[in-house]
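Heads up: the structure comes next, in structure tokens.
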Amino acid sequence: MIFLLHPTTKNFGVGIKPMIELRSLKSKLIVATSCLLALVFIGQSIVNTISIERRLRDGINDEVKAFAVLSTRSLVEVYEEYYLSGFRKFKEIVEDTVKWSRGIARVRLVDMMGRVRFDTEDLTRKEIKDLETIDPFLLEEVRKLEPSYIHYKDSQGKIFSSDQPPSVINEIVYPFVDEWGRHQYSIVYSVSYETVQKEIQWDIVRAILFTLLLIAIAVNAVNFLTIKIIKPLLNLEEGARIVGGGNLDYKLEIKTEDEVGEVAREFNKMTEKLKESRKGLEEAKESLEIKVKERTKELQKRVDELERFHRVTVRREMKMIELKKEIESLKKKLEKKGRI
Numbered sequence: 295m296i297f298l299l300h301p302t303t304k305n306f307g308v309g310i311k312p313m314i315e316l317r318s319l320k321s322k323l324i325v326a327t328s329c330l331l332a333l334v335f336i337g338q339s340i341v342n343t344i345s346i347e348r349r350l351r352d353g354i355n356d357e358v359k360a361f362a363v364l365s366t367r368s369l370v371e372v373y374e375e376y377y378l379s380g381f382r383k384f385k386e387i388v389e390d391t392v393k394w395s396r397g398i399a400r401v402r403l404v405d406m407m408g409r410v411r412f413d414t415e416d417l418t419r420k421e422i423k424d425l426e427t428i429d430p431f432l433l434e435e436v437r438k439l440e441p442s443y444i445h446y447k448d449s450q451g452k453i454f455s456s457d458q459p460p461s462v463i464n465e466i467v468y469p470f471v472d473e474w475g476r477h478q479y480s481i482v483y484s485v486s487y488e489t490v491q492k493e494i495q496w497d498i499v500r501a502i503l504f505t506l507l508l509i510a511i512a513v514n515a516v517n518f519l520t521i522k523i524i525k526p527l528l529n530l531e532e533g534a535r536i537v538g539g540g541n542l543d544y545k546l547e548i549k550t551e552d553e554v555g556e557v558a559r560e561f562n563k564m565t566e567k568l569k570e571s572r573k574g575l576e577e578a579k580e581s582l583e584i585k586v587k588e589r590t591k592e593l594q595k596r597v598d599e600l601e602r603f604h605r606v607t608v609r610r611e612m613k614m615i616e617l618k619k620e621i622e623s624l625k626k627k628l629e630k631k632g633r634i
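Quick note, our numbering runs 294 ahead of the 1-based positions in the sequence shown.
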């Protein structure tokens with residue numbers, strides 16, 4: 295088993311660099327876990343946001359449709375009774391009525407000539423102003439006897455509408471028919487999804503905050519777990535360095551019963567075997583040195599004997615040479631005497 299540990303993580307918890315380096319196992323686990331959690335939660339948040347947006351929009355649509363059905367008659371009656379005779383009373387009643395629907399941004403009462411009899415955007419004024427006229431495209435919708443749902447207007451003002459509510463409603467045109475069957479007015483309700491957007495924005499903010507909180511918890515959890523996992527590995531690395539430096543008496547402390555603890559036990563066994571092997575080598579070395587010394591002494595003794603034998607032999611040879619010379623000298627003398 296090979297452990298690739300970053301050198302800056304030596305003595306875990308003491309003197310660690312504050313900067314996270316991706317070469318360390320701890321930082322890799324933190325980054326990988328954080329990214330995974332962020333991706334999962336962001337994906338889930340997107341799905342939830344889309345679902346919530348659709349649900350809120352549908353809720354707004356249902357609410358404004360119900361509001362249009364329930365408020366059209368009362369708004370026309372209030373207009374006919376109070377608009378000209380008591381504008382302040384009319385204003386109070388309309389404001390109290392409109393505020394019950396969070397999806398209604400604007401209400402206009404339009405007659406069959408396309409004249410806007412009242413507009414909630416003008417409720418802040420103190421005097422009655424001249425009547426405005428709506429565009430021809432909207433006038434077509436106003437003159438219909440059935441509710442019309444406008445979901446789109448192009449750049450030329452052309453209206454795309456239907457008698458069934460679409461997923462996104464721009465305006466609702468609801469006709470008012472009195473008890474005599476006369477269609478004198480229609481009310482144009484402008485729909486706003488601003489509350490939906492605010493809810494979505496808050497959901498996004500909450501999702502971001504929750505993601506950051508989740509990442510912070512994950513980082514602390516990974517940090518805690520890596521301390522439990524990596525610290526024994528760092529101790530193992532430190533022990534290997536000490537043993538590699540020659541200290542075979544070093545023993546790792548075994549604090550866990552997991553795989554890391556098993557590795558530590560095997561490491562201690564290996565260190566003990568290395569110690570025994572070194573001891574055996576040292577004993578063999580000492581024994582060999584003794585044998586070498588004895589053998590050297592024995593050889594030196596034989597060399598000394600050979601040197602003595604050599605000296606004796608040389609002396610004998612010298613004596614033999616001298617004797618030969620003396621014999622030769624005597625022979626020469628005898629030969630001279632015999633001639634005489």
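The beta carbon of each residue, even a glycine, is placed where N, CA and C say it ideally should be.
Considering just the uninterrupted stretch of the beta strand (DSSP E) at residue i, what are its terminal residues?
| i | result |
| --- | --- |
| L403 | I398 to D405 |
| E465 | E465 to V471 |
| V637 | Residue numbering for the chain in the displayed model covers 295 to 634; residue 637 lies beyond these limits and cannot be assessed. |
What is the C-beta distance between residue i and residue j, in whole angstroms, given that I count them as a contact (C-beta under 8 Å)?
| i | j | result |
| --- | --- | --- |
| N562 | K545 | 5 Å |
| Y376 | L403 | 13 Å between Cβ atoms; not a contact. |
| S484 | R400 | 4 Å |
| V410 | L425 | 6 Å |
| V392 | I463 | Between I463 and V392 the Cβ distance is about 16 Å, and since that is not below 8 Å, they are no contact. |
Within its chain, find whatever has a CB closer than 6 Å to the CB of residue i; leave out the 5 residues flanking it on each side and keep chain order.
| i | result |
| --- | --- |
| L433 | G408 |
| E532 | none |
| T366 | Y468, F470 and I481 |
| Q478 | none |
Among the options, which residue has its Cα nearest to the Cα of residue i?
| i | options | result |
| --- | --- | --- |
| F645 | N464, S480, I463 and W496 | Limits of the chain in this structure are 295 at one end and 634 at the other, which puts residue 645 out of reach. |
| G337 | K585, A501, K525 and K625 | A501 |
| E347 | Q491, L378, K631 and L600 | Q491 |
| V341 | S571, V597, F603 and I498 | I498 |
| I362 | E371, E622, D390 and S395 | Sequence check: residue 362 is Ala here, not Ile. Among E371, E622, D390 and S395, the Cα nearest to that of A362 is on S395. |
| G555 | I524, A578, I584 and E576 | I524 |
| D472 | Y443, L439, E560 and G540 | L439 |
| T427 | D405, I444 and N541 | D405 |
Which residues in the same chain as residue i place their Cβ atom closer than 7 Å to its Cβ, once the five residues preceding and following it in sequence are excluded?
| i | result |
| --- | --- |
| A332 | T505 and I509 |
| K385 | L417 |
Compute every distance between the C-beta of residue i and the non-hydrogen atoms of the ligand GDP, then say whether any falls below 8 Å.
| i | result |
| --- | --- |
| V325 | Among the ligands in the structure shown, none appear at all, so the ligand GDP cannot be discussed. |
Would you give the residue range spanned by the alpha helix (DSSP H) that residue i belongs to?
| i | result |
| --- | --- |
| R411 | Taken as a continuous stretch (DSSP letters only), R411 belongs to no alpha helix (DSSP H), being part of the beta strand (DSSP E) at R409 to D413. |
| E488 | E488 to G538 |
| D390 | F381 to V392 |
| V436 | P430 to V436 |
Buried or exposed for residue i, going by 16 or more other Cβ atoms inside 10 Å?
| i | result |
| --- | --- |
| I466 | buried |
| G397 | buried |
| A515 | exposed |
| P441 | buried |
| N355 | buried |
| T565 | buried |
| N650 | Here the chain comprises residues numbered 295 to 634, so residue 650 is not present and cannot be evaluated. |
| L369 | buried |
| T414 | buried |
| L350 | buried |
Please tell me whether residue i has its Cβ less than 9 Å away from any Cβ of chain D.
| i | result |
| --- | --- |
| A399 | Going by chain labels, chain D is absent from the structure shown, which holds only one protein chain. |
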